[in-house]
Amino acid sequence: MKWKKIYLPGIIALTGLSVHATPMNIEKKLASVEVFSMGFNGFIAKKMPEQLIYEEALENKNSDSIFKKVIENPDSTPESKAYAACGLWKKTY
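As structure tokens, then:
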């Protein structure tokens, strides 16, 4: 029983560390996506991992600069530029 008291708080503490990614990591992940799809997909209707990266960037306090850097980056995929354009539009309107 003692190990459960130590194990559970340890897991909670470690998972809390990965919740906030740095803007540079989000930018790199977003710039390399290869699928553009908004909304729910498939028979089970779940969001694509690429859309979750986009939503993570959208919630970041530096989202405007992240989206602008993705659009200006010559190595960004067309799909990532589409997500960045949607993000800038959503932040503007």
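Counted from 1, the sequence shown has number 129 at position 33 by this note's numbering; the numbering is strictly sequential. Note that CB positions come from ideal geometry on N, CA and C, so glycine has one too.
Item to check | Nonlocal neighbours in the same chain, by C-beta distance under 6 Å from residue 169, ignoring five residues either side | outcome: Position 73 of the sequence shown holds residue 169. Excluding positions up to five away in sequence, the list reads 127.
Checklist entry - residue 155 to residue 141, Cα distance in whole Å? => result Locating residue 155 in the sequence shown gives position 59, counting from the first residue. Locating residue 141 in the sequence shown gives position 45, counting from the first residue. Approximately 22 Å, taken between the alpha carbons.
Checklist entry - Would you call the CB atoms of residue 138 and residue 159 closer than 9 Å? => result Your numbering for residue 138 matches position 42 in the sequence shown. Your numbering for residue 159 matches position 63 in the sequence shown. Contact flag unset, no.
Next on the checklist: Quick test of your reading: residue 120 and residue 131, contact by CB under 8 Å. State the CB separation rounded to the nearest angstrom.
Outcome noted: Indexing the sequence shown from 1 puts residue 120 at position 24. Indexing the sequence shown from 1 puts residue 131 at position 35. Actually they are not in contact, since the Cβ atoms of residue 120 and residue 131 sit about 22 Å apart, beyond 8 Å.
Next on the checklist: Restricting to Cα atoms, I'd like to know which of 135, 129 and 181 is closest to residue 161.
Outcome noted: Indexing the sequence shown from 1 puts residue 161 at position 65. For residue 161, the nearest C-alpha among the options comes from 181.
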